[in-house]
Amino acid sequence: MERYNPSSIEKKWQEQWEADGIYRSSVDWDRPKHYALTMLPYPSGDLHIGHWYAMTPPDARARYMRMKGFNVLYPMGFDAFGLPAENAAVQRNIHPAVWTAANVERMHGQLRSMGCMFDWEREANSSQPAYYKWSQWFFQQFYNHGLAYRGEAVLNWSPSLQTVLANEQVIDGLDERNRQPVEQRLMEQWFFAITKYADELLSYEGIDWPSSIMAVQKNWIGRSEGASVTFTTEGGAAIEVFTTRPDTLWGATFMVLAPEHGLVADLTSAEQAVEVADYVLATKGRSELERMENEQKTGVFTGGFAINPVNGSKLPVWIADYVLMGYGTGAIMAVPAHDSRDFEFARAFGLTVAPVIAGPDGEVAGEDMEAAYVGSGTMFNSGPLDGTPVNDTKGRKNPSVDAAISLLEEAGTGAETVNFRLRDWVISRQRYWGGPVPILYKEDGTIGLVPEADLPVLLPEDVEFLPSGRSPLTYNEEFLAAVDADGHAARRETDTLDTFMCSSWYQYRYLSPWSSDAAFDPEEAAYWLPVDNYTGGSEHGTMHLLYTRFFTKVMRDIGIFDETKAIMEAHGRNTEGVFDEPMLELRNQGQILGFERVGDVLAVTGSWLDEIFAADTVTVVGSREESDAEITGELMGRTENVLRIQHGERVVTVEVTDRSVVEIATIPGVNDASQLKHHLEVERMSKTRGNVVNPDELVEAYGADTVRTHLMFAFDWVKGGPWDPSSVNGSQRFLADVWKLGSIDYEAVSNSGDRDITRAVHQAIAKVDHDMETFSFNTAVAALMTLRNTMQTALKDRSVSVEAWTEAIDTMLLLLAPIAPHISEELWSARGHSESIHVAAFPVSDPALAADDVISLIVQVNGRVRDKITVAADISAEEAESTALASSKVAEWVEGSTVRKVIVVPGRLVNIVAN
RNA sequence: GCCGGGGUGGCGGAAUGGUAGACGCGACGGACUCAAAAUCCGUUGUCCUUUAGGACGUGAGGGUUCGAGUCCCUCUCCCGGUACCA
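Given below as C-alpha cells:
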C-alpha cells in the first residue's frame, strides 16, 4: 500500500474530469436543476485563501446537490474591468488588457487546483467585447425606458482615483477601494434610476437571505414617512421641505437651506451677501471627511425670511452644512425644541426655542430646556391641533402626524410624502478600463444612443497613459470621432460603465457566454433561472447585492425575460414571481484572518543614536531572562531593517546596519534581519502586515483536499476566523486515515461489531446529509471523523464482516466526495468502481439502522444528574420511571425527603423532584 | 446614537429547553526509534478528594421552568454596518 500522496493523484483526476467533461452542465428538463453561484473574483493576480474559503465549501455544497440528484450549474468567471489594471498600466507600463489577461491566465491555473466542479465552458469575462457589448446594450435598454439618464447632482468625486463614485462606494468619506478622501462636487453624470425601485427593494418576499443583509439594505434605502410642506419666502418663492414631524410645525423657529440650495442667492440680503458667499465657498472646499469630523454646527443667516404656512409666522432662513443637498429637498424647517440637531444649532446661534409637545405627564419644557424633547406626549401651542396625542410611531400611525398631514392637505400647503435615503446610482466613471458608455454627443447639441448595430463600442487598445490621471479616452481622437445614425459627425461619450454594472447581470451571461445575438439564451435561462443559491461576502450588501436585485427587476419590467418566461411556461413551470429576484437563497461566508504569532525574542547590543538604537549584534534568544543585553524583548514589527522591539514597557526602535551581525540559531548560514519573526495579531490578512497565507503553498504542502477539508472543518463558515497553521494537521491526518482505511485489504475475524458499525454508518449519513444541506460544513466533517474513529476501532480487532466493512468504507468515500473530491475518487476507483464517484448518488440513511438499541438513561434528582442507567432505547415512560426510582444512587439522594413529581422524557431522562 | 451579529476549555469550535464542552488543534505522560519526524496508547474545564465521589462552571445580575448555553428582562464588553438622513 502506498502512502497518501495528494500531489500525485490530484492533478491526475483534475485532468481526467476535464477530459471526461463530467462537470459540463447542460439543460435537461427531465431532471431538477440547481443553479449554485458564488461571487466572481476580480483578477488581481493571485488567488488568496479567502477565495478558497469563498469557493470550495460552496463547491462541496454544489457537489452534494448533484449527488442528491440535481442537475447542477456551478460556473466561474472574472469581474475583469476596474482600476487596479489601470494603475498597473500607469505604474508599470503594462496595458490593462495585457495585465488582466495575464492575471486571468494565472488564476485559471489556481482555480483549477481547487478541484472545483466549475463548468469552464460557461466562463464569462466582463472585460471582453463579447460581454461588455451586452453591458452597453443593457444601458441602452435602461435608457430607452427612462431608467438611465444624464443628470446633475452633488456627487462623490475622488481626486486620487480621478473619477466620480456612487454613494455605495464611499465609506466614511473615503473610497471603498483605496481609502482615500472623497469630495462633494456638483457634476453632470449618467445615472440609473434605482430610486424608482426603492419601495420594491425593501421587500424580500419569496427569498431566503440573511437578516443582516436585509437589515443593511433596508437601512441603506432609508425609507421615511412624513410630509412635504411648502413655506413661502417674502419674495413669494416656494421653499419645499420634507419633514417626518409635521406635528411640530408650530414649533418651527427658523429654516435652514443647504449651502448649494438654489434659493440661497434669492434669499440673501445685501448686508449678508459677503458672509453667505464666504460660507458657501468654505463648504465647497471642505471634503466629506472634514465635514464629518466637524462636530460643531456652523452656518450663517441669509438675511431672508420665510412664512410658516400653518401659522403665518416669519422665520429667519439660514444656510448650514448640516443640511445636505442630497437628502430630501435640501431645505428644512428647524424645530429646535424637538430635534436635537436643530436644538444644537439654535443654541450655537442664539435662536428661539419654542416647545409644542408636552411630555406624557403633561410637563411642559420652557425656553431654557437643555436638550430637544423627542418623546411622546401631547401637542400644545399648535392652534387647531392642541391636545392631539403624540406617540412614538412613524408616519400616519402617529395621531399627531396624521392630523398635521390632513390639515396641510386640506390647506393645500403640504402632502403626505415618503422620502428615501437611497440616491440614484451614478454609473459613469471617468476611467479607461471599463465598458464605454454607448452614447453620442451630436452636432446639433442633442444626446443619442450609439446605434445598436454599432455595438459594442470597443475600447481602443492603442492608447497612451499619461500620468495626469485622465482617462486616455478623453484625448484619443480616433475613439472620439463617431458618426450618428443619420450619418452626421458626433463625439463619443468618454466615460465608462461602473464595474458594478457589469457584475449586476453576470449570472445571466453564465447561461450562454457563447451567445452573440443576445445577452443570454432564453432556452438556457428558462431551465436554469433563477439562481437557487448564492454565496459570497457580506461586504457587498449595499453594493453588488442591491444593484443586482435592481437590475433583475428592471429586466423583468422592460420585458427582457419575456421569451424566457414563455419557454418556462411551455415546460409547465409556474413563472409567478420567478423574475422578481435574482437569487433565491443567499449565504455569506465569514473572513479568514491572519493568525496570531509570538515574535522572536531578541537580545541587541549596540549604541544609542538619539532615539534610535543602532545594533551591533542581534541575537534570537529563548526568553528575556536569558540575556543581559542592553535591549531585549519581543520583536513587535519590522520595516526593512528597522526593528520595533518591546523592551519592558516601551517599544524601542532598533536599526540593523550593514555592519550589524544577526544570529538566528535555528536558521543555518549567515542570517539577516528579514529572517526575524515578528509578532502578528489576529487581523485581516495583508501583504504589508506579513500575515498572508498563500494557498498555493498550502496545496503544495498538504494537497487541495486537505485545504478544502480544513477550510470546511476549522471554522463556522458564516463566521470565519484566524488561520491557525498548526491545526491543519488534524484534517491532514483525517485524510491520511481515510486513505489507510480505504486501501487496506480487509479480512474479518468476526462479525460481532456489524450492528455497531452499520449504525455508525447510517448515523453519519443522516448527519452529513443534514449538515451539507444547511451549510454546517464543520459538523459534517466532524461526523466523518467520528465515523473514521469507529472504523479504526473496528479494524483493530477486525470485528465486522467484510460486507459491513465494505458498506462502511464505500459510504465514507461517498460522503467525503463533495468535500475532498480527489482522494475519494482515487480510492473509489481503486476499489473497483468504474464510474466516477462524483456521478454516484448520495447515500440514504435508513432510520431503522441508524437507531440506537440502547441508551444511557439520565436520572436526575431535582435537575442534577445522579445516575446513568443503560436501558433499551424504546423503553416506555412507566418503565423508565420505575427503573430510575429503583436506582440505589437515587435512593441516597431522596432519602429523608418526599418524591413530589417525576418527569420522564422518553428515551432521554427521568427527573425526580423531591423535597 | 441607530441597525445587525456575537461572548462556551489554552485554541478552533459542538450542543431540536433535557448528560455542557461533540469533532479537532495544542499540551502533558507513555510506546516505537541510536535520535528526530511520522505513527500508536493514555490524560487533558476548574477546584476538593487516594479511589469512589462531590462542588463549581457557557460575559454580569435577575426571572420563567421539574430542568436554561438555549426562552424573557436589565446591564456589560467585542465585531460588522450606518450616521448631522430632517
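Residue numbers for the first sequence follow the working numbering, so the first one is -4 and each next one is one higher. Even glycine gets a Cβ: it sits at the ideal position worked out from N, Cα and C.
To the nearest angstrom, how far is it from the Cα of E844 to the Cα of Q758?
As a first step, residue 844 is located in the first sequence; it is residue number 849 there, counting from the start. As a first step, residue 758 is located in the first sequence; it is residue number 763 there, counting from the start. In the sequence on display, residue 844 carries Leu and not Glu. Answer to the nearest angstrom: the Cα atoms are 8 Å apart.
Simplified DSSP assignment, three categories, for E873
Working through the first sequence from its first residue, we reach residue 873 at position 878. It is helical.
In or out: P38 buried (at least 16 other Cβ within 10 Å) or exposed?
Counted from its first residue, the first sequence places residue 38 at position 43. Classification of P38: buried, given that the 10 Å Cβ count is 16 or more.
Rounding to the nearest angstrom, what Cα-Cα distance links G201 and L579 in this structure?
Sequence index remark: in the first sequence, residue 201 carries index 206 (1-based). Sequence index remark: in the first sequence, residue 579 carries index 584 (1-based). Whole-angstrom Cα-Cα distance: 7 Å.
Could you tell me the alpha carbon to alpha carbon distance between T701 and L809, rounded to whole angstroms?
In the first sequence, the residue the question calls residue 701 occupies position 706. In the first sequence, the residue the question calls residue 809 occupies position 814. Their Cα atoms are separated by approximately 17 Å.
Delimiting residues of the alpha helix (DSSP H) encompassing N98:
The residue you call residue 98 lines up with position 103 of the first sequence. It spans 91 to 108 - the alpha helix (DSSP H) in which N98 sits, taken as one unbroken run.
Taking the DSSP output, what are the residues bridged to E183?
In the first sequence, the residue the question calls residue 183 occupies position 188. E183 is bridged to E147.
C-alpha distance - G858 paired with I907, whole-angstrom precision
The count along the first sequence starts at 1 and reaches residue 858 at position 863. The count along the first sequence starts at 1 and reaches residue 907 at position 912. Their backbone Cα atoms lie some 8 Å apart in a straight line.
Near A731, what residues of its chain come up, given a Cβ to Cβ distance below 6 Å and the 5 sequence neighbours on each side ignored?
By one-based count along the first sequence, residue 731 stands at place 736. Contacts found: Y(-1).
With distances taken from CA atoms, which of M60, V177, T652, Y317 is nearest D167?
In the first sequence, counting from the first residue as 1, residue 167 sits at position 172. Checking every option, the nearest Cα to that of D167 belongs to V177.
Just how far apart, CA to CA, sit A872 and T865?
Within the first sequence, numbered from 1, the residue matching residue 872 stands at position 877. Within the first sequence, numbered from 1, the residue matching residue 865 stands at position 870. The straight-line gap from Cα to Cα measures roughly 15 Å.
What is the DSSP secondary structure of R903, counted as helix, strand or coil?
Counting from 1 along the first sequence, the entry for residue 903 is found at position 908. Looking at R903 - three-state DSSP - the assignment turns out to be coil, as it is neither helix nor strand.
A761 to V839, Cα distance in whole Å?
The residue given as residue 761 occupies position 766 in the first sequence. The residue given as residue 839 occupies position 844 in the first sequence. Going by the C-alpha atoms only, they are around 8 Å apart.
Please report the straight-line C-alpha distance between Q855 and I898, rounded to a whole angstrom.
Residue 855 sits at position 860 when you count from the first residue of the first sequence. Residue 898 sits at position 903 when you count from the first residue of the first sequence. Looking at the two C-alpha atoms, the distance is approximately 9 Å.
Buried versus exposed call for A755 [16 or more other C-beta atoms within 10 Å across all chains shown]
In the first sequence, residue 755 corresponds to position 760, counting from 1. That one is buried.
Short Cβ contact (8 Å threshold) for G294 with F344
In the first sequence, residue 294 corresponds to position 299, counting from 1. In the first sequence, residue 344 corresponds to position 349, counting from 1. Result yes, Cβ atoms of G294 and F344 sit closer than 8 Å.
Close-in-space but distant-in-sequence residues of the same chain around S510 (CB under 7 Å, 5 per side omitted)
Numbered from its first residue, the first sequence carries residue 510 at position 515. Hits under 7 Å: D516.
Strictly by DSSP, which residues pair up with Q584?
Sequence index remark: in the first sequence, residue 584 carries index 589 (1-based). Paired residue(s): G532.
Using a Cβ-Cβ cutoff of less than 7 Å, which residues in the same chain neighbour V834 once the five nearest sequence positions on both sides are dropped?
The residue labelled residue 834 in the question sits at position 839 within the first sequence. Hits under 7 Å: I17.
Between the CA atoms of N583 and V211 - distance to the nearest angstrom:
In the first sequence, the residue the question calls residue 211 occupies position 216. In the first sequence, the residue the question calls residue 583 occupies position 588. Each residue's alpha carbon lies about 13 Å from the other.
Assign A514 to one of three DSSP states: helix, strand, or coil.
Translated into positions along the first sequence, residue 514 becomes position 519. A514: coil per DSSP, three-state reduction.
What whole-angstrom Cβ distance do Q425 and T158 have, given they're in contact under 8 Å?
Taking the first residue of the first sequence as 1, we reach residue 425 at position 430. Taking the first residue of the first sequence as 1, we reach residue 158 at position 163. Their Cβ separation, rounded to whole angstroms, is 4 Å, which keeps Q425 and T158 in contact under 8 Å.
Since Q855 sits in a beta bridge, which residues does DSSP pair it with?
Numbered from its first residue, the first sequence carries residue 855 at position 860. According to DSSP, which records beta bridges pairwise, Q855 is partnered with V860, N906.
Just to confirm, are E489 and F76 a CB contact at a threshold of 8 Å?
Locating residue 489 in the first sequence gives position 494, counting from the first residue. Locating residue 76 in the first sequence gives position 81, counting from the first residue. Position check: residue 489 holds Thr in this sequence, whereas Glu was assumed. Cβ distance not < 8 Å, so T489 and F76 don't count as in contact.
For the segment 208 to 224 against the segment 532 to 541, are there 3 or more C-beta pairs whose distance is under 8 Å?
yes
To the nearest angstrom, how far is it from the Cα of T228 to the Cα of P304?
Within the first sequence, the letter at position 233 stands for residue 228. Within the first sequence, the letter at position 309 stands for residue 304. So the two alpha carbons sit approximately 11 Å from each other.
Measure how close the beta-carbons of A778 and V763 come, nearest whole angstrom, since I'm counting them as under 8 Å.
Taking the first residue of the first sequence as position 1, residue 778 is located at position 783. Taking the first residue of the first sequence as position 1, residue 763 is located at position 768. Yes, they are in contact, since the Cβ atoms of A778 and V763 sit about 5 Å apart, within 8 Å.
Own chain, CB closer than 6 Å to I913, minus 5 neighbours either side, in chain order
Not covered by the structure: residue 913. The range shown for the chain is -4 to 910.
Any 3 or more C-beta pairs closer than 8 Å across the segment 783 to 800 and the segment 603 to 611:
no
Just mark D54 as buried or exposed, buried being the case when its beta carbon has 16 or more other beta carbons within 10 Å.
Walking along the first sequence from the start, residue 54 turns up at place 59. That one is buried.
What are the start and end residues of each continuous beta strand (DSSP E) run of 3 or more residues lying completely inside the segment 36 to 98, in chain order?
66 to 68
CA nearest to the CA of I314, picked from P254, T547, M328:
Working through the first sequence from its first residue, we reach residue 314 at position 319. Of the candidates P254, T547, M328, the one whose C-alpha sits nearest the C-alpha of I314 is P254.
Can you name, in chain order, every residue of its own chain whose Cβ lies under 8 Å from the Cβ of A812, other than the five neighbours on each side?
By 1-based counting over the first sequence, the position of residue 812 is 817. If we look at A812 and ignore the five residues flanking it on each side, its Cβ neighbours are R58, M62, S819, E820, W823, I832, H833, A835.
Can you find the residues in the same chain that come closer than 8 Å, C-beta to C-beta, to R903, ignoring five residues on each side of it along the sequence?
Counting from 1 along the first sequence, the entry for residue 903 is found at position 908. I850, L852, I853.
Label Q136 either buried or exposed according to how many other C-beta atoms from any shown protein chain fall within 10 Å of its C-beta, with 16 as the threshold for buried.
Position 141 of the first sequence, counted from the first residue, corresponds to residue 136. Result: buried.
Could you check where the alpha helix (DSSP H) with G298 kicks off and where it finishes?
Taking the first residue of the first sequence as 1, we reach residue 298 at position 303. Looking at the DSSP string, G298 is not in any alpha helix (DSSP H); the run it does join, the beta strand (DSSP E), is 295 to 302.
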